[in-house]
Amino acid sequence: MAYAMDDPSRRRFVNWFLGTSAGAFLLAVLYPVSRYLVPPTAGESSAGTVTLAIKPEDVKPNTGQIFKFGSRPGILVRTAAGELRAFSAVCTHLNCTVQYRPDFGQIWCACHNGHFDLSGKNVEGPPPRPLEPFVVNARGHQIVVSKSA
Amino acid sequence: MTSFLAMAALAVVGLLAVWTGPAGAQSAGADNCATCHLAIGDERLEKPVKDYAHDVHKAKGFGCVACHGGNEKEAGMDAMDPRQGYIGKPGRKQVVQVCARCHSDAAFMKRYNPSLRVDQATEYATSVHGRKLRDADDPKVATCVSCHPAHSIRPPSDPRSSVYPLRVAETCGACHGDAKYMEGRRLPTDQLGKYKESVHGKAMIVKGDLSAPTCNDCHGNHGAAPPGVTWVGNVCGQCHTVMADLFRKSVHARVFVDMGTPGCATCHDNHAIREAGDRMLGLGGDAVCATCHGATDKGGRTAVELRALIDGLAARHRAAGEVLDRAEHAGMEVSQARFDLGGARDSLVKARAAVHAFTVDAVRAETTAGLVVADKAHARGVRALAELAFRRKGLGISLVIILAVIAGLLLKIRQVDRRGPAIEHE
């Protein structure tokens with residue numbers, strides 16, 4: 050065994066083999082570390098589904114409330130007929146947060162008096178487009194809001 | 011001479027129609043107007059018939075006689091008998107009466123389109139076009155057929171219609187953008203070009219936003235007239251309600267009337283309306299306040315202060331957003347802070363609207379609330395970045411320790427290697 054290790058060509062091979070393995074090991078360790086340290090250019094993807102901390106029975110007819118959908122606001126509305134609906138609460142005019150107005154029975158933006166009906170359609174004022182609709186599901190005591198497919 | 015030949019040809023074709031069989035010519039549903047106009051071979055007489063095939067009135071079952079009178083069941087020249095109500099091509103004043111005969115009759119129009127307005131003729135009488143036609147018999151002013159081309163009228167909802175929102179500006183511009191046609195009138199002819207470059211025009215033409223205003227939204231359509239100096243704010247206020255309300259109560263509402271300047275358009279222009287921005291406020295290069303105010307008068311000082319308030323909130327909102335962006339891109343969870351920062355953006359938008367009250371207090375009320383929200387979000391972003399820095403340092407230190415251990419192990423292995431053969435030799 051000792052004689053075998055003294056063979057210069059075999060020792061070179063073992064050194065080369067160990068050196069390459071060590072290099073590959075370091076690369077395998079350092080690459081993920083470097084990727085962790087260098088921030089990605091794109092932000093985190095926004096949430097696709099949220100479970101609200103509101104019980105369906107707590108949302109009275111002809112009311113609405115704002116909820117957090119990822120990092121952006123959403124609005125949950127229960128119509129006078131009792132149906133739950135949800136939309137992005139970001140006004141399509143200048144990105145203000147909209148609110149529900151029971152006196153109008155409409156979603157309303159205080160910034161420039163924009164009105165949206167309960168289908169999210171822009172019906173008055175400067176908003177150029179409808180609000181993005183979300184899918185609402187009431188599961189027992191939970192309300193789950195998802196982005197439309 | 012040409013018209014004489016055409017009439018003669020019409021008479022010949024009419025006679026031929028009679029000779030080929032009066033029973034057929036006079037049968038129910040026969041349209042001798044179209045038959046003769048197409049048979050003569052004169053393009054001027056053919057065109058109305060061909061165009062009318064796509065007209066909304068044709069689709070509803072109206073024939074030539076609905077507007078021109080006469081009797082399409084009669085063959086030849088008898089179809090155009092004035093005793094049967096034939097009026098030929100209506101004169102300019104007659105056009106309005108012909109259209110109004112049906113379009114001003116609510117009971118009649120209900121049978122075709124219950125929601126269609128029936129006040130077009132009344133509106134037209136109040137328009138500059140209508141008044142000039144009535145009072146001066148102006149041969150150039152628009153009548154119904156100027157905007158709704160006779161024989162090829164389509165409903166406004168039809169994208170091919172001359173009054174479809176995307177095409178209204180071009181329809182009005184056909185006369186109002188033609189310097190030669192408008193010669194001798196005290197009206198500019200650059201409105202169409204300016205509108206196309208305006209924020210409204212770009213929204214309509216480039217973005218295809220049909221809710222954006224075009225000529226008739228500010229001037230009226232059948233009652234087209236320039237908005238008066240005292241009520242231009244009402245026109246803009248149809249959409250820009252918040253700003254119009256604030257402006258109406260402001261000192262400028264009265265001052266602009268006294269000055270004889272057109273309300274909103276004094277600062278924002280009328281046809282060449284640029285996208286409003288903070289640059290318009292204060293006394294800087296693009297500031298519209300500087301048109302009347304200087305650094306030494308009260309209005310000028312207020313303008314500068316308003317700009318400073320807006321700029322201050324905008325800068326803090328931007329700074330908070332940038333800090334949150336950096337934290338978010340580095341993988342930190344800052345969604346709640348970003349959600350809350352939306353409140354500062356709302357305040358900034360409201361503050362910009364509140365500028366139309368032209369008082370420091372109105373704007374400060376919005377910016378103060380916004381600054382609180384922006385500063386809180388900024389602080390949370392800074393904390394997230396500090397946390398990130400702490401984690402990175404910890405990771406770095408751990409890596410150094412791991413590498414030191416690996417190096418130590420390697421040295422140890424080499425040491426053992428050196429000793430190994432010696433032991434073997436012993």
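Heads up: the protein sequence lines correspond to chains A and B, in order. Residue numbering for the first sequence follows my numbering, starting at 50 and increasing by one per position. Residue numbering for the second sequence follows my numbering, starting at 11 and increasing by one per position. For every residue, glycine included, the Cβ atom is placed at its ideal position computed from N, Cα and C.
Residue i in three-state terms, based on DSSP
| i | result |
| --- | --- |
| His158 of chain B | coil |
| Leu220 of chain B | coil |
| Tyr171 of chain A | First, the amino acid is wrong: residue 171 of chain A is Asn here, not Tyr. The answer is strand: DSSP assigns Asn171 of chain A an E or B state. |
| Val194 of chain A | strand |
| Arg150 of chain A | strand |
| Glu93 of chain A | Residue placement at Glu93 of chain A is flagged as unreliable, the pLDDT there being 46, under the threshold of 50; a coordinate-derived value is accordingly withheld. |
| Gly101 of chain B | coil |
| Pro32 of chain B | Its pLDDT being 28, under 50, Pro32 of chain B is placed unreliably in this model, and the coordinates cannot settle the point. |
| Phe437 of chain B | Missing from the structure shown is residue 437 of chain B; chain B here goes from 11 to 436 and no further. |
| Gly194 of chain B | coil |
| Asp168 of chain B | coil |
| Leu126 of chain B | coil |
| Lys120 of chain B | helix |
| Met342 of chain B | coil |
| Ala347 of chain B | helix |
| Ala38 of chain B | For Ala38 of chain B, the predicted structure reports a pLDDT of 42, less than 50, and the residue's modelled location is therefore unreliable. The matter cannot be settled from this model. |
| Val382 of chain B | helix |
| Leu293 of chain B | coil |
| Leu67 of chain A | helix |
| Leu419 of chain B | helix |
| Val359 of chain B | helix |
| Tyr205 of chain B | helix |
| Lys212 of chain B | helix |
Beta-carbon spacing of residue i, residue j below 8 Å
| i | j | result |
| --- | --- | --- |
| His161 of chain A | Val172 of chain A | no |
| Gly391 of chain B | Ala347 of chain B | yes |
| Leu291 of chain B | Ala297 of chain B | yes |
| His67 of chain B | Val59 of chain B | no |
| Leu389 of chain B | Val344 of chain B | Per the sequence presented here, residue 389 of chain B reads as Ala, with Leu not at that position. Contact: no. |
| Cys195 of chain A | Pro182 of chain A | It is Ser, not Cys, that sits at residue 195 of chain A in the sequence shown. Cβ distance not < 8 Å, so Ser195 of chain A and Pro182 of chain A don't count as in contact. |
| Ser6 of chain B | Asp61 of chain B | The requested residue 6 of chain B is not part of the displayed model; chain B covers only 11 to 436. |
| Thr128 of chain A | Val193 of chain A | no |
| Lys386 of chain B | Asp335 of chain B | no |
| Ala89 of chain B | Gly98 of chain B | no |
| Ile156 of chain A | Val126 of chain A | yes |
| Ile320 of chain B | Arg362 of chain B | yes |
| Leu202 of chain B | Ala179 of chain B | yes |
| Leu55 of chain B | Arg102 of chain B | no |
| Val261 of chain B | Thr240 of chain B | no |
| Leu316 of chain B | Val382 of chain B | no |
| Ala329 of chain B | Ala354 of chain B | no |
Element boundaries [beta strand (DSSP E), containing residue i]
| i | result |
| --- | --- |
| Ile156 of chain A | 155–158 |
| Pro182 of chain A | 182–188 |
| Asn135 of chain A | The amino acid at residue 135 of chain A is misidentified as Asn; the sequence shows Ala. Start and end: 133–137. |
| Gly113 of chain A | 112–118 |
| Leu101 of chain A | 98–101 |
| His164 of chain A | 163–165 |
Beta-carbon separation (whole angstroms), residue i vs residue j, contact threshold 8 Å
| i | j | result |
| --- | --- | --- |
| Asp356 of chain B | Thr146 of chain A | 6 Å |
| Cys302 of chain B | Leu293 of chain B | Not really, about 11 Å apart at Cβ, beyond 8 Å. |
| Ala340 of chain B | Asp288 of chain B | Contact flag wrong, Cβ pair sits at about 31 Å. |
| Ala187 of chain A | Pro122 of chain A | 20 Å between Cβ atoms; not a contact. |
| Ala475 of chain B | Val242 of chain B | Chain B is shown from 11 up to 436; residue 475 of chain B falls before or after that span and cannot be answered. |
| Ala131 of chain B | Ser114 of chain B | 5 Å |
| Leu86 of chain A | Arg402 of chain B | 6 Å |
Segment limits, alpha helix (DSSP H) that includes residue i
| i | result |
| --- | --- |
| Asp320 of chain B | The sequence shown places Ile at residue 320 of chain B, not Asp. From DSSP, the alpha helix (DSSP H) with Ile320 of chain B extends over 308–339. |
| Asn226 of chain B | 225–229 |
| Gly123 of chain A | No alpha helix (DSSP H) holds Gly123 of chain A; the beta strand (DSSP E) holding it covers 121–127. |
| Leu176 of chain B | 175–186 |
| Leu48 of chain B | 42–49 |
| Met269 of chain B | 261–269 |
| Val245 of chain B | 242–246 |
| Lys276 of chain B | The sequence shown places Thr at residue 276 of chain B, rather than the Lys named in the question. Its alpha helix (DSSP H) spans residues 274–278. |
| Cys62 of chain B | Position check: residue 62 of chain B holds Tyr in this sequence, whereas Cys was assumed. Here the alpha helix (DSSP H) through Tyr62 of chain B covers 53–62. |
| Arg284 of chain B | Taken as a continuous stretch (DSSP letters only), Arg284 of chain B belongs to no alpha helix (DSSP H), as it is neither H nor E. |
| Asp145 of chain B | 138–146 |
| Lys109 of chain A | First-last for Lys109 of chain A: undefined, no H or E at that position. |
Open item on the list: With three or more C-beta pairs closer than 8 Å as the rule, is the stretch 357–368 of chain B touching the stretch 252–259 of chain B?
Closed with: yes
Task: Inter-stretch contact (C-beta, 8 Å, three-pair minimum) for the stretch 124–136 of chain B and the stretch 218–236 of chain B - done: yes
Task: Sufficient close CB pairs (3 or more, under 8 Å) joining the stretch 143–158 of chain B to the stretch 167–186 of chain B - done: yes
Task: contact_flag[the stretch 107–114 of chain B, the stretch 206–217 of chain B] where n(CB pairs < 8 Å) is 3 or more - done: no
- [ ] Take every Cβ of the stretch 214–224 of chain B, pair it with every Cβ of the stretch 168–186 of chain A, and state whether three or more of those distances are shorter than 8 Å.
- [x] yes
Open item on the list: Does the stretch 104–116 of chain A come into contact with the stretch 128–135 of chain A, if we say contact requires no fewer than three beta-carbon pairs (one atom in each stretch) closer than 8 Å?
Closed with: yes
- [ ] Determine, using beta-carbon pairs with one atom in the stretch 235–246 of chain B and one in the stretch 169–181 of chain B, whether at least three such pairs fall under 8 Å.
- [x] no
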